[in-house]
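Just below is one structure, and these are the notes that go with it.
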Amino acid sequence: MRNLFTSGSFWGILLILLGSLLVLKHIFNIEIPVGKIFFSLLLILFGIMLMTGSYHHRGGNTAVFSESKFSFSKETEEYSVVFGQGTLDLRELELKEDVKIKAASVFGEIKIYIRPDVNYIIHSSTAFGSIDAPGGSPNSGFGSSVVKSSGFDESAPRLILRTDAVFGSIDIRH
């Protein structure tokens, strides 16, 4: 059941059922609420998957309905949490060139740890969420802000962190 939503046979059966209901509705003039039935089946299936714990997704850079500790990789530029919690530890990051990272939280929470001596700039954007960054005032509700490290040097290698919180929170700490 773990990969049910990506399974070809699941979608095939669902489309055959939907098509059959549409044929019955239009050929035999039987009033069948096809859209409502389709949506209801999806909700029931999704609820069963959540209750059984079979929809917890943990990828290398994504946590959905789960808790995850992300490992930084130079190949991965984006980390996201949806209905869960995540931790991204950047304290071991050595800057030899600019490093760009995006972190997004949707109905979830991400904690990001950076060293205080790192040259960083944080661009944050919120929609019904909150972002708390060192040296800056918390950004909550709607809006955007930019926070730079103390002694920020534009010409030196830097961490460029883009954070987005939608009904979620991001907490950046030293």
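So for the sequence shown, this note's numbering puts the first residue at 2; every next one is plus one. For every residue, glycine included, the Cβ atom is placed at its ideal position computed from N, Cα and C.
Problem set entry | Bridge-paired residues (DSSP) for phenylalanine 143 | Ala128
Exercise. For alanine 105, which residues from the same chain have a beta carbon less than 6 angstroms from its beta carbon, with the 5 sequence-adjacent residues on both sides left out?
Worked result: Ser81 and Asp165
For this session: Tell me, please, whether the region 125-141 touches the region 61-78 by the rule of three or more beta-carbon pairs shorter than 8 angstroms.
Result: no
Exercise. So what does DSSP say about valine 119, is it helix, strand or coil?
Worked result: coil
Exercise. Taking the beta strand (DSSP E) that glycine 87 falls in, what are its first and last residues?
Worked result: 86-90
For this session: Below 8 angstroms CB to CB, which residues in the same chain sit around isoleucine 28 once its five sequence neighbours on both sides are set aside?
Result: none
Exercise. Run through DSSP, which three-state label would isoleucine 171 get?
Worked result: strand
Exercise. Tell me which same chain residues have a C-beta within less than 6 angstroms of the C-beta of phenylalanine 108, skipping the five on either side of it?
Worked result: Phe84, Phe168 and Gly169
Exercise. How would you label serine 151, buried or exposed, when you count the other beta carbons within 10 angstroms and need 16 or more for buried?
Worked result: exposed
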